[in-house]
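Protein chains in written order, with UniProt numbering: chain A, 1 to 294; chain B, 1 to 294; chain C, 1 to 294; chain D, 1 to 294. Heads up, the thing below is written out as structure tokens.
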């Protein structure tokens with residue numbers, strides 16, 4: 001990041017604050033993240049306990065006080081972020097900036113507009129702030145591998161989901177016709193909801209077929225759902241297996257000393273890019289190696 | 001398609017109409033498909049909302065009008081298709097021709113025969129017309145890959161399904177004998193339905209075992225169902241993994257003209273065994289290509 | 001099978017009968033199997049319909065007559081099998097012999113001992129006779145592949161099932177202590193039944209946790225069950241993938257002309273058993289082949 | 001274990017007792033383990049039957065006597081273990097030492113403190129003692145393979161579980177806002193419990209969405225849960241497939257001493273590249289071995 005120094009020209013405290021708040025490489029930055037993580041989780045616990053009627057009745061005042069404490073803390077943090085970030089407007093409009101704002105706003109709005117159960121529950125979005133804290137190096141690899149496996153298979157999965165969608169609409173309508181409104185299948189949307197409940201093998205049991213024909217059709221839906229779960233599983237498994245470090249004989253660390261290209265096979269004697277002779281691989285095997293697998 | 005011009009000899013408007021309606025390669029054809037897709041989805045929404053009792057009571061007249069609007073539209077489309085297609089009779093008897101007809105017929109029949117909740121719900125078959133529109137090139141690859149994986153494993157899957165069928169009949173009968181009619185297992189077919197609900201891990205809970213022996217047997221069914229889901233998943237996963245393009249960028253067909261060795265990477269310029277220059281790969285890419293994936 | 005002719009010495013009709021009844025390679029044998037299959041399925045349908053109270057009330061006499069018809073047919077078949085088989089006693093004591101007997105006996109016993117709902121339902125075991133008929137060559141491969149994959153992974157699966165068993169016993173007892181008898185967890189066995197229902201993601205809903213601690217514990221059970229289903233799936237998938245035609249470079253058809261051993265790699269130049277020179281592989285590739293994959 | 005003899009210096013009976021009780025290689029040790037296993041299982045059965053109200057009422061005295069019998073047995077075993085083990089204090093503080101103690105203590109405490117349903121149910125921890133007995137050699141391989149596959153994928157699985165946790169908290173809160181307390185979603189924790197029940201496809205049905213918006217959201221949760229189960233399955237499958245012994249009988253470590261090529265089969269006697277004689281494989285098998293699998 002060239003010009004990093006220039007951005008904070010002269011304002012040394014802003015730069016130091018930026019490093020503590022936004023980065024996690026220094027001890028101070030890591031400690032800040034840990035405290036923030038604990039504050040977020042405690043504040044979430046407060047929101048959850050507040051939603052339990054009996055606890056709200058007995059400890060309402062304490063929870064209310066804690067709520068304002070955390071909101072005050074997060075407000076201070078938000079202001080500090082705005083102060084030390086090079087471009088405050090851009091941060092405020094970014095995804096994390098909006099989440100930060102949304103996680104403190106409800107209580108302030110509640111002061112002006114007294115109703116708003118819906119508003120205060122927005123505070124649970126504070127949870128999303130955990131993602132910022134969790135961007136720790138040790139998890140990045142795994143997360144990105146899972147992500148890339150899902151990205152690589154997103155086409156197949158969307159074709160699969162489209163097929164499932166068409167299936168549940170057709171099956172739901174069929175069940176609506178077969179079972180009818182008197183057996184709980186009160187409308188086509190409700191019947192589609194039932195088809196999803198059944199196809200995904202969730203099976204709440206709030207709506208169940210009563211007629212023999214309906215039960216026969218439901219059996220078909222269930223066996224279909226039981227069988228086609230293999231499809232997304234197969235897709236993702238194949239992707240993960242493919243994205244894993246390849247078991248083949250290619251070595252990522254063999255470097256050509258002539259053109260500095262990488263990715264040469266373990267059994268290669270000459271660089272495939274510049275035809276220069278390669279040094280033997282690290283495992284020390286020389287001569288005509290047929291196949292080496294680790 | 002030789003003789004394509006002859007079919008429409010002289011009738012230039014029929015040919016142009018055919019391209020717009022039946023093909024998706026021209027801008028006009030694509031726009032036609034998009035409008036059709038929206039019309040189908042809106043018409044489906046109308047059918048669904050009509051099935052909700054409260055909406056039917058409050059907006060019945062509007063939905064009725066919309067229904068006739070879409071039916072009129074699809075009728076016009078059907079007539080146009082019949083007019084521009086080279087062999088109208090063959091189109092009318094084809095699968096899509098029948099679906100097109102079935103998606104407009106119910107309302108006209110409803111004019112003559114006034115009852116027919118069952119008839120009007122046939123309109124949901126309009127959904128199948130989406131498939132015609134979705135035959136877009138970008139999804140074809142994924143769909144065909146999934147399809148071929150399923151076709152390749154259809155024998156194993158049918159053997160598996162046969163086994164499941166035998167299992168649920170035996171287990172259902174056993175539960176009928178063990179639990180009896182007083183605990184909801186009123187007949188062998190109902191008990192088989194219960195066995196399917198349980199084995200597929202759907203578990204509605206409308207029928208549940210009450211006796212200790214029945215609960216023990218149900219536990220066996222559940223663990224069986226939990227375990228054997230691995231079988232279809234394994235079959236399909238193995239098929240998808242096999243049909244996928246191989247992980248690396250290695251090409252089995254690139255041959256070194258100097259030492260006749262194979263297995264050279266797609267981005268190799270020189271033989272890794274004898275350092276001789278390689279001809280460019282078949283896909284015609286020359287020069288140092290970093291990474292090529294089909 | 002040497003001495004096959006001697007077994008039926010002189011009794012040509014027994015030999016011909018044996019081929020028709022026990023084998024499926026001749027047209028007559030295949031037709032016999034098809035008729036038997038239809039008879040079994042129709043007889044099963046009779047048993048099932050008989051168990052439905054309303055149908056039994058309206059068509060009881062017809063079903064009773066049909067039942068005796070099929071029992072008569074299967075009795076004739078059983079007698080014929082006993083007559084034409086070389087060692088009747090051994091057949092009668094074999095698994096299929098016992099199933100054949102069990103599928104005709106109940107009605108005859110019902111003549112002597114008039115009660116016996118349990119007895120007549122044994123007739124459903126006729127279903128197992130389908131297995132005999134289904135030993136058709138075209139399914140044998142798939143069935144044996146699935147079977148060998150499951151046999152190969154039976155050790156891992158039994159270790160896994162043992163772990164699941166220990167888990168449900170511990171979790172069931174814990175839930176019994178936490179929820180107690182007043183919330184439906186009336187005893188440890190019932191709580192273990194609940195744990196199995198939950199862990200296998202069946203979720204009947206006949207017993208559900210009511211206390212916060214119980215719901216928390218149930219959440220752990222559910223996530224566990226959701227996660228560990230990956231284990232049997234992984235085991236079976238890996239087995240199926242392994243038992244599939246191997247993608248490696250070994251060719252089952254390369255034969256050493258010196259010692260007649262098989263299983264030589266595609267890149268082998270000399271027999272690994274007798275050091276004799278091998279002819280080039282069928283694909284006609286000569287010279288130092290690094291790696292060939294089909 | 002050098003100095004093994006010194007530990008038991010002079011006390012020959014302690015050494016022999018140690019071998020019988022703690023080891024499973026001698027016939028006596030194996031018999032001891034078998035008897036212990038049966039005693040544990042019978043004692044567990046006693047605990048379970050005691051929890052069933054009707055059995056407790058009819059056979060309470062017998063079960064009480066059996067309970068004391070097994071407790072006496074396990075107490076004797078515990079004392080013997082303490083006596084023969086080289087460092088008794090260390091054994092008493094080890095995991096298995098604590099489990100051994102916990103499985104006998106409840107009854108003795110029950111003599112002093114008469115209440116304690118919770119205490120007596122601790123006896124079910126005796127089940128964990130089965131693990132000690134099950135450390136039989138023949139299962140070790142499979143268990144360790146499964147364990148290493150799960151250890152290798154524990155990072156990916158924890159990232160996945162973290163994502164699931166965030167998802168159920170967000171979805172649970174959303175459902176609490178959408179459905180509200182009047183439809184069973186009485187608090188955020190209860191709604192999160194519902195989200196877990198639904199996402200894991202368990203679907204008890206004790207809490208179900210009633211509003212159209214809630215059912216729509218529930219459908220999304222269900223399809224998500226149906227789809228993302230592919231992720232842990234894919235992770236574990238890829239790990240198991242990777243950790244499995246390679247399909248063929250090829251050994252990566254066999255080196256030809258003449259041309260230094262590798263990748264020779266375990267049953268090869270001569271180098272497939274230069275026809276030189278190979279040394280026998282490391283496992284010490286000489287001669288023409290047809291197929292060796294570990």
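Even for Gly, the Cβ is constructed at its ideal location relative to N, Cα and C. Small disclaimer: the values here were computed from a predicted structure and weren't measured.
Beta carbon of residue i nearer than 8 angstroms to that of residue j
| i | j | result |
| --- | --- | --- |
| residue 201 of chain D | residue 201 of chain C | yes |
| residue 231 of chain A | residue 151 of chain B | no |
| residue 124 of chain A | residue 196 of chain D | no |
| residue 212 of chain A | residue 209 of chain B | no |
| residue 225 of chain B | residue 175 of chain B | no |
| residue 270 of chain A | residue 275 of chain B | yes |
| residue 172 of chain A | residue 194 of chain A | yes |
| residue 180 of chain C | residue 205 of chain A | no |
| residue 237 of chain C | residue 237 of chain A | yes |
| residue 153 of chain C | residue 235 of chain C | yes |
Same chain only: Cβ atoms within 8 angstroms of residue i, ignoring 5 sequence neighbours per side
| i | result |
| --- | --- |
| residue 78 of chain A | 100, 101 and 104 |
| residue 187 of chain B | 176 and 181 |
Residue i classed as buried or exposed, judged by whether at least 16 other C-beta atoms fall within 10 angstroms
| i | result |
| --- | --- |
| residue 191 of chain A | buried |
| residue 222 of chain D | buried |
| residue 67 of chain A | buried |
| residue 83 of chain C | exposed |
| residue 60 of chain D | exposed |
| residue 95 of chain A | exposed |
| residue 277 of chain D | exposed |
| residue 309 of chain C | Chain C is shown from 1 up to 294; residue 309 of chain C falls before or after that span and cannot be answered. |
| residue 129 of chain A | buried |
| residue 51 of chain C | buried |
| residue 58 of chain D | exposed |
Neighbourhood of residue i by C-beta distance below 7 angstroms, restricted to the same chain and skipping five residues each side
| i | result |
| --- | --- |
| residue 155 of chain A | none |
| residue 19 of chain A | 26 and 29 |
| residue 178 of chain A | 211, 213, 214 and 217 |
| residue 126 of chain A | 40, 43, 44 and 103 |
| residue 198 of chain B | 218, 221, 222 and 225 |
| residue 203 of chain D | 197 |
Neighbour list for residue i in chain B, Cβ cutoff strictly below 8 angstroms
| i | result |
| --- | --- |
| residue 103 of chain C | Per Cβ cutoff of 8 angstroms: no residues; residue 103 of chain C is ~13 angstroms from chain B at best. |
| residue 222 of chain A | 196, 197, 200 and 202 |
| residue 18 of chain C | Going along chain B, no residue has its Cβ under 8 angstroms from residue 18 of chain C, so there is no contact; the nearest lies around 27 angstroms. |
Under 8 angstroms by beta carbon: chain D residues contacting residue i
| i | result |
| --- | --- |
| residue 218 of chain A | What residue 218 of chain A touches in chain D: nothing, since even the nearest Cβ is about 14 angstroms away. |
| residue 205 of chain B | 204 and 205 |
Cβ-based neighbour list, residue i, same chain, cut-off 6 angstroms, excluding 5 preceding and 5 following
| i | result |
| --- | --- |
| residue 240 of chain C | 149 |
| residue 228 of chain B | none |
| residue 107 of chain C | 71 |
Partner residues on chain B for residue i, Cβ-Cβ distance less than 9 angstroms
| i | result |
| --- | --- |
| residue 305 of chain C | Given a span of 1 to 294 for chain C in the structure shown, any question on residue 305 of chain C remains unanswerable. |
Cross-chain neighbours of residue i in chain D, by beta carbon under 7 angstroms
| i | result |
| --- | --- |
| residue 238 of chain C | 237, 240, 241 and 244 |
Heavy atom of the ligand MN within 7 angstroms of residue i beta-carbon
| i | result |
| --- | --- |
| residue 79 of chain A | Ligands in the displayed structure: none, and consequently the ligand MN is not present. |
Within chain A, partners of residue i - CB distance below 8 angstroms
| i | result |
| --- | --- |
| residue 233 of chain C | 233 |
Under 9 angstroms from the C-beta of residue i: neighbouring residues of chain D
| i | result |
| --- | --- |
| residue 98 of chain A | Chain D residues near residue 98 of chain A: none, gap ~15 angstroms exceeds 9 angstroms. |
Residue i: contacting residues in chain A (beta-carbon distance under 7 angstroms)
| i | result |
| --- | --- |
| residue 275 of chain B | 270 and 275 |
| residue 48 of chain B | 188 and 189 |
Which runs of the beta strand (DSSP E) spanning at least 3 residues fall entirely within the stretch 13-43 of chain A, listed in chain order?
When DSSP assignments are scanned along the stretch 13-43 of chain A, no uninterrupted stretch of beta strand (DSSP E) that is 3 or more residues long falls wholly within it.
Mind listing, in chain order, the continuous alpha helix (DSSP H) runs of no fewer than 4 residues lying wholly within the stretch 34-105 of chain C?
Taking only runs of at least 4 residues, the alpha helix (DSSP H) segments lying wholly in the stretch 34-105 of chain C are 53-84, 88-93 and 95-102.
Report the residue ranges of all alpha helix (DSSP H) runs contained in full by the stretch 136-193 of chain A; include only those spanning at least 4 residues, in chain order.
Taking 4 residues as the shortest admissible run, the stretch 136-193 of chain A contains the following complete alpha helix (DSSP H) segments, listed from N- to C-terminal end: 137-152 and 154-179.
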